[in-house]
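**Q** Sequential numbering from -3 applies to the first sequence in my numbering. Virtual Cβ for every residue (Gly too), placed ideally from N, Cα, C. Can you read through this structure? Questions will come right after.
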Amino acid sequence: MSPKALPGFRDFYPAEFAIRAHILDTWRRIVRRYAFMEYDGPPLEPLELYTQKSGDEIVGQLYAFDDKGGRSVAMRPEMTPTFARMVASRAQALRKPVRWFAVPQLFRYERQQKGRLREHFQLNVDIVGESDVLADAELLSIAIEICRAFGLDRSDFYARVSDRRLLNALLASLEIDADAWPAVYAVLDKLERQPREISAEKLATAGLSAQAADAVLGFGAFDTVDALRERFGGSPDVVVHLDRFAQYAQHLTALGVGEFLRLDLTIVRGLAYYTGIVFELFDAQGEFRAICGGGRYDNLLQSLGGVDLPALGFGMGDVVLGELLAARGKLSAVGTPAADVWLVASEHTPVADILRVASSLRAADVSVEYALNADKLHGRKTTASIKDAQKAGARVALVFREAGQAEVLPLAGDAPLPADRTVLDTSDWSPTSVPHTDLSPLFQHLGR
RNA sequence: GUGGCCGUAGCUCAAUCGGUUAGAGCACCGGAUUGUGGUUCCGGGGGUUGCGGGUUCAAUUCCCGUCGGUCACCCCA
């Protein structure tokens, strides 16, 4: 048995690489529509960059080691600390709001499971320097538009959205002690996956009154601002946040993605650093993990980098997204790239002629392939060579039946054949230059 | 880190109750045929049955360990 990739790591054969490229290309294409700029940082960082935010216990979940200079280092498990450092060190000079994105490969040392490997690519989109809810709406609309760009619609996915400030106000209005909030968050996070009795028990342990616990257990039932307003509208502290959420929803509707929005107070996000609106994108059938998650983290930059700027962002990984797209048939059209043109020599065609034409076509940005074996180039029947071209997936075969003349033979699927044979005169083509001959008959078959 | 299930060709799978030299399709390579061509046919390469140990006259098959895969828990960036 030949050596395999390490557990949780992937070999990308051309078919898989084509899917990866499709995902990453689409990410970049859509995010650029929103005028975000791409950045990147080192894949290897000082270990302290992560322990200072998350504590020492995180080391067990990192690819961490001492380098040859004795430094404690880790392969990056997330992009946010790097991003925070980069923004903080030039915070004064950056035009606000900062609209940046990155597509890092991230690593974590954990047992792999569905949708979760030890390595993945993750789109990170962040906005820094704007606290208005308009920025929150912009951010979520990007995540949604990306999913739509992959061919997913409202029947495939939706966004669950909550707001830390709203949730905290609700807990306060229920007279729940702030010390108990983390425990309440944990219960809310598991509300759907955990039996109600266990949730109730945990809330009681956290010190909640029976009434307060009942109210928390009922949070999952509220899926509109109006429903919350009816129940908690008497509390001015709550109303402030309900109003903002309503505004958020209006912005999203105006941006054309309102139908994907669903208020859901059980969306907690594990991170302690979220301070405002938080969201996760889920597939509608509940078959996969969250496709994407993010929110507002107004205090993080100060705690990491020392600059006090509001910020928000999200991450979207390629693994769950790829699984979902595959399951919904959205990757069937993703093909591996093949040659535009395959050159078929006859026994009379000098090798030099083939090479000259190949060079010339490549100068015209046409991808060209031919048999890399002189015997095959000359010793096979034309039909056998054409068969090679078809197997390779070439769009067009150029068949040299006579010197200086190349017949254009379209190979693509069931495209109709031209009534007349198209013959290109290649006699005056020279290496590395664009052919003088009119290539339009060829380009026509290549879809240019 | 804990637990369930699963490891046979590149892929999907077969191999009677434990019994001869572990087979097939697809893919790959070669050839024939088809001569506006992805058809059809013939042939070929490819396996220490994940690895190690045990039971047995005999192990792909039963047992133990280990590694890997997968799913869940934990955790979530």
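Tell me the start and end of each unbroken beta strand (DSSP E) in the stretch 291 to 325 that is at least 3 residues and wholly inside, in chain order.
**A** Within the stretch 291 to 325, the complete beta strand (DSSP E) runs of at least 3 residues are 307 to 313.
**Q** Per the DSSP calculation, His116 is bridged to which residue(s)?
**A** If you number the first sequence from 1, residue 116 lands on position 120. Paired residue(s): Leu102.
**Q** Quick check: what's the CA-CA separation for Glu134 versus Phe310?
**A** To locate residue 134, count along the first sequence from 1; it is residue 138. To locate residue 310, count along the first sequence from 1; it is residue 314. Rounded to the nearest angstrom, the two C-alpha atoms are 12 Å apart.
**Q** Going by other Cβ atoms of all chains shown within 10 Å of its Cβ, with 16 needed for buried, is Asn120 buried or exposed?
**A** If you number the first sequence from 1, residue 120 lands on position 124. By the 10 Å Cβ count, Asn120 comes out buried.
**Q** Near Gly147, what residues of its chain come up, given a Cβ to Cβ distance below 6 Å and the 5 sequence neighbours on each side ignored?
**A** As a position in the first sequence, residue 147 is number 151, starting the count at 1. Only Lys326 meet the Cβ criterion.
**Q** Grab the span of the alpha helix (DSSP H) containing Tyr244 for me, first residue to last.
**A** Here residue 244 corresponds to residue number 248 of the first sequence, with the count starting at 1. Its alpha helix (DSSP H) spans residues Pro232 to Ala250.
**Q** So the alpha helix (DSSP H) Asp481 belongs to, where does it begin and stop?
**A** Outside the shown range of the chain (-3 to 444) lies residue 481, about which nothing can therefore be said.
**Q** Closer than 7 Å by C-beta to Met(-3): which residues in its own chain qualify, once you throw out the five before and the five after it? Chain order, please.
**A** Position 1 of the first sequence holds residue -3. At Met(-3) the pLDDT is 42, less than 50, meaning the model places this residue with poor confidence; the figure from the coordinates comes in the next sentence. Taken in chain order, the list of residues that qualify is empty.
**Q** Would you kindly report the start and end of the unbroken beta strand (DSSP E) that includes Phe215?
**A** By 1-based counting over the first sequence, the position of residue 215 is 219. Premise fails: Phe215 is in no beta strand (DSSP E) and is neither H nor E.
**Q** Measure from the alpha carbon of Met312 to the alpha carbon of each residue in Ala176, Glu106, His116 and Tyr244, then state which is nearest.
**A** Along the first sequence, one-based indexing puts residue 312 at 316. Among Ala176, Glu106, His116 and Tyr244, the Cα nearest to that of Met312 is on His116.
**Q** Could you please give the first and the last residue of the uninterrupted alpha helix (DSSP H) stretch that includes Arg144?
**A** On the first sequence, residue 144 is found 148 positions in, with the first residue counted as 1. Residues Val129 to Ala145.
**Q** Does DSSP put Ala393 in a helix, in a strand, or in coil?
**A** As a first step, residue 393 is located in the first sequence; it is residue number 397 there, counting from the start. Ala393: strand per DSSP, three-state reduction.
**Q** Using DSSP with H/G/I as helix, E/B as strand and the rest coil, what is Met71?
**A** Translated into the one-based positions of the first sequence, residue 71 becomes position 75. Of the three classes helix, strand and coil, the one that applies to Met71 here is strand, per DSSP.
**Q** When we look at the beta-carbon of Val347 and count the other beta-carbons within 10 Å, is it buried (16 or more) or exposed?
**A** The residue labelled residue 347 in the question sits at position 351 within the first sequence. Under this definition Val347 is an exposed residue.
**Q** Buried or exposed: Glu74, going by 16 or more other Cβ atoms within 10 Å of its Cβ?
**A** Numbered from its first residue, the first sequence carries residue 74 at position 78. By the 10 Å Cβ count, Glu74 comes out buried.
**Q** Taking the alpha helix (DSSP H) that Val353 falls in, what are its first and last residues?
**A** Position 357 of the first sequence, counting from 1, holds the residue named residue 353. Here the alpha helix (DSSP H) through Val353 covers Val347 to Ala359.
**Q** What is the DSSP secondary structure of Ser(-2), reduced to helix, strand or coil?
**A** On the first sequence, position 2 is the one that residue -2 refers to. Bear in mind that the predicted position of Ser(-2) carries a pLDDT of just 48, short of 50, making it unreliable; the figure below should be weighed with that in mind. Coil at Ser(-2), not helix or strand.
**Q** Considering just the uninterrupted stretch of the alpha helix (DSSP H) at Val180, what are its terminal residues?
**A** For this step, residue 180 is matched to residue 184 along the first sequence. Here the alpha helix (DSSP H) through Val180 covers Trp177 to Asp185.
**Q** Can you tell me whether His432 is buried or exposed? The criterion is at least 16 other CB atoms within 10 Å of its CB, across all chains shown.
**A** Residue numbering aside, residue 432 sits at position 436 when the first sequence is read from its first letter. Exposed is the call here.
**Q** Confirm, please, whether the CB-CB distance from Trp96 to Asp122 is below 8 Å.
**A** As a first step, residue 122 is located in the first sequence; it is residue number 126 there, counting from the start. As a first step, residue 96 is located in the first sequence; it is residue number 100 there, counting from the start. Yes, the Cβ-Cβ distance between Asp122 and Trp96 is below 8 Å.
**Q** State the CB to CB distance for the pair Val99 and Trp177, rounded to an integer number of angstroms; the pair is presumed to be in contact (CB under 8 Å).
**A** The residue given as residue 99 occupies position 103 in the first sequence. The residue given as residue 177 occupies position 181 in the first sequence. Their Cβ separation, rounded to whole angstroms, is 35 Å, which puts Val99 and Trp177 out of contact at 8 Å.
**Q** To which residues does DSSP link Pro28 through a beta bridge?
**A** Indexing the first sequence from 1 puts residue 28 at position 32. In the sequence as displayed, the identity of residue 28 is Arg instead of Pro. Arg28 is not bridged to any residue.
**Q** Verify the contact flag: Val253, CB atom, against every heavy atom of the ligand ATP, threshold strictly below 7 Å.
**A** Looking for the ligand ATP in the displayed structure turns up nothing, as the structure carries no ligands at all.
**Q** Is the Cβ-Cβ distance between Ser68 and Ala80 less than 8 Å?
**A** Position 72 of the first sequence holds residue 68. Position 84 of the first sequence holds residue 80. In this structure, Ala80 does not lie closer than 8 Å to Ser68 by Cβ.
**Q** With DSSP as the reference, label Asp219 as helix, strand or coil.
**A** Here the question's residue 219 lines up with position 223 in the first sequence. In this structure, Asp219 counts as coil in the three-state DSSP scheme.
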